[in-house]
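A.B. asks: According to the numbering used here, the sequence shown holds residues 1006 to 1271 in order. Attaching a single structure in structure tokens format; questions to follow.
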Amino acid sequence: MHLGPTTTSYLNALGLPVTAKPTLQLLQNIQSNHIAFFSFNNLAVLLKQEIPLAIEVIAEKILRKKLGGYCFEQNKLAYHVLQNIGFKVELLLAKVVMNKDIEAPRTHRITLVTINEQRYLIDVGFGVQGPRHPMLLELNTEQDQGDFCYRIVKYKNNDYCLQIKKPGGYFNLYHFDLGHYTNADCEIGHFYSHKHPNATFACNLVAGRRLYGEYYSLVNKELRHYQNGKETTTTIQTATQLNSILKEHFLLQPQASDVEKIYQSL
1006 MHLGPTTTSY
1016 LNALGLPVTA
1026 KPTLQLLQNI
1036 QSNHIAFFSF
1046 NNLAVLLKQE
1056 IPLAIEVIAE
1066 KILRKKLGGY
1076 CFEQNKLAYH
1086 VLQNIGFKVE
1096 LLLAKVVMNK
1106 DIEAPRTHRI
1116 TLVTINEQRY
1126 LIDVGFGVQG
1136 PRHPMLLELN
1146 TEQDQGDFCY
1156 RIVKYKNNDY
1166 CLQIKKPGGY
1176 FNLYHFDLGH
1186 YTNADCEIGH
1196 FYSHKHPNAT
1206 FACNLVAGRR
1216 LYGEYYSLVN
1226 KELRHYQNGK
1236 ETTTTIQTAT
1246 QLNSILKEHF
1256 LLQPQASDVE
1266 KIYQSL
């Protein structure tokens, strides 16, 4: 099977075999390794750069330039790779609510994968609160992923809701349905997410990288590091410090001049 250069480069970057068959174990490894190596971030949005969703451009940005990206880039790259390997994939869009009872737009891209007649939710572009492994699309079933626990429930209007378990109970991350969506639908959500002046990503610096039992989360000038149940917070004082953090903790390789621009905008 010829996987193509993007899929081969992707699997090599994640330390996964390029001869692998489309199995649940491979799917788990792809999701877990992706969020550990390719950090979620919106640097390009704050720099007001063009963010094309052509797969060649996304692969260049994430795989070669090591600049990461956000959901419309990260999940499209994973979708392309999974499809190339031979997984049955479907593109879905979600409404991010973060435990609020709001009417949110569909500004989050996710993937549905079917293996042996079972459906799994795959998301490598949500940030540190997203699942580390595929979520079986089975209602009201607590799915313990070792470090965090999740479940999928039905919500109003027959939407599904992905929840994460927190000390005070379950917390709603986003709603989604199983409607038919295309790349054209993604362009609308993508346009809003990086162009609308009130969009979260247009107003705030956000970055996340997730490992097992550990994550790094950056919001504007505040870095949070969570490990084995303990969290520390660091306030970023200079652009040089921000640049070091992006490189060391988020595995990014931005230009120092770009980091200076971002820091001054915060």
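Ideal Cβ positions, reconstructed from N, Cα and C, are used throughout, including at glycine.
By a C-beta neighbour count over all protein chains shown, 10 Å radius and 16 as the cutoff for buried, is residue 1140 buried or exposed?
C.D. replies: Residue 1140 comes out buried.
A.B. asks: On the DSSP bridge list, what partners appear for residue 1235?
C.D. replies: Its beta-bridge partners are 1232.
A.B. asks: In the DSSP assignment, find the alpha helix (DSSP H) that holds residue 1194 and state where it starts and stops.
C.D. replies: Start and end: 1188-1200.
A.B. asks: Under the DSSP definition of a beta bridge, which residues are partnered with residue 1149?
C.D. replies: Residue 1149 pairs with 1154.
A.B. asks: Check each candidate in 1177, 1187, 1019 and name the one with the smallest Cα separation from residue 1109.
C.D. replies: Ranking the options by Cα distance to residue 1109, first place goes to 1177.
A.B. asks: State the start and end residues of the unbroken alpha helix (DSSP H) segment that holds residue 1204.
C.D. replies: From DSSP, residue 1204 is part of no alpha helix (DSSP H); its letter is neither H nor E.
A.B. asks: Once the 5 residues before and after residue 1200 are set aside, which same chain residues still bring their CB inside 8 Å of it?
C.D. replies: Only 1207 meet the Cβ criterion.
A.B. asks: Distance, Cα to Cα, residue 1018 vs residue 1068?
C.D. replies: For residue 1018 and residue 1068, the distance between alpha carbons rounds to 8 Å.
A.B. asks: In whole angstroms, give me the CA-to-CA distance for residue 1186 and residue 1064.
C.D. replies: Taking the straight line from one Cα to the other gives about 22 Å.
A.B. asks: Quick check on this structure: which residue in 1180, 1099, 1038 has the alpha carbon closest to the alpha carbon of residue 1193?
C.D. replies: The residue with the shortest Cα to Cα distance from residue 1193 is 1099.
A.B. asks: Is the separation between the beta-carbon of residue 1225 and that of residue 1271 shorter than 8 Å?
C.D. replies: Cβ distance < 8 Å, so residue 1225 and residue 1271 count as in contact.
A.B. asks: Contact defined as beta carbons within less than 8 Å: I believe residue 1278 pairs with residue 1042. What is the distance between those atoms, to the nearest angstrom?
C.D. replies: The requested residue 1278 is not part of the displayed model; the chain covers only 1006 to 1271.
A.B. asks: Can you tell me which of 1161, 1165, 1133 puts its alpha carbon nearest to the alpha carbon of residue 1146?
C.D. replies: Per the Cα distances, 1165.
A.B. asks: Measure the alpha-carbon distance for residue 1116 versus residue 1084 and round it to whole angstroms.
C.D. replies: Looking at the two C-alpha atoms, the distance is approximately 7 Å.
A.B. asks: Check whether the Cβ atoms of residue 1144 and residue 1126 sit closer than 8 Å, and answer yes or no.
C.D. replies: No. Outside cutoff.
A.B. asks: Could you tell me which of 1009, 1211, 1180 sits nearest to residue 1061, measuring between CA atoms?
C.D. replies: The candidate whose alpha carbon is nearest that of residue 1061 is 1009.
A.B. asks: Per DSSP, residue 1107 forms a beta bridge with which residues?
C.D. replies: Beta-bridge pairing links residue 1107 to no other residue.
A.B. asks: Could you give the C-beta distance for residue 1128 and residue 1080, rounded to a whole number, given that I count them as a contact under 8 Å?
C.D. replies: Indeed they touch by this definition, with Cβ atoms about 7 Å apart.
A.B. asks: Put residue 1266 into one of helix, strand or coil per three-state DSSP.
C.D. replies: Here residue 1266 sits in helix by DSSP.
A.B. asks: For the alpha helix (DSSP H) that residue 1049 lies in, which residues bound it at each end?
C.D. replies: Taken as a continuous stretch (DSSP letters only), the alpha helix (DSSP H) holding residue 1049 covers 1048-1051.
A.B. asks: On a CA-only basis, which of 1033, 1249, 1154, 1183 is nearest residue 1174? Give me that one, please.
C.D. replies: Looking at the Cα atoms, 1154 is the closest of the given residues.
A.B. asks: Short check: CB of residue 1228 to CB of residue 1221, under 8 Å?
C.D. replies: Their beta carbons are under 8 Å apart, which means residue 1228 touches residue 1221 by this criterion.
A.B. asks: Taking just the CA atoms, how far does residue 1240 sit from residue 1029?
C.D. replies: Approximately 40 Å between the Cα atoms of the pair.
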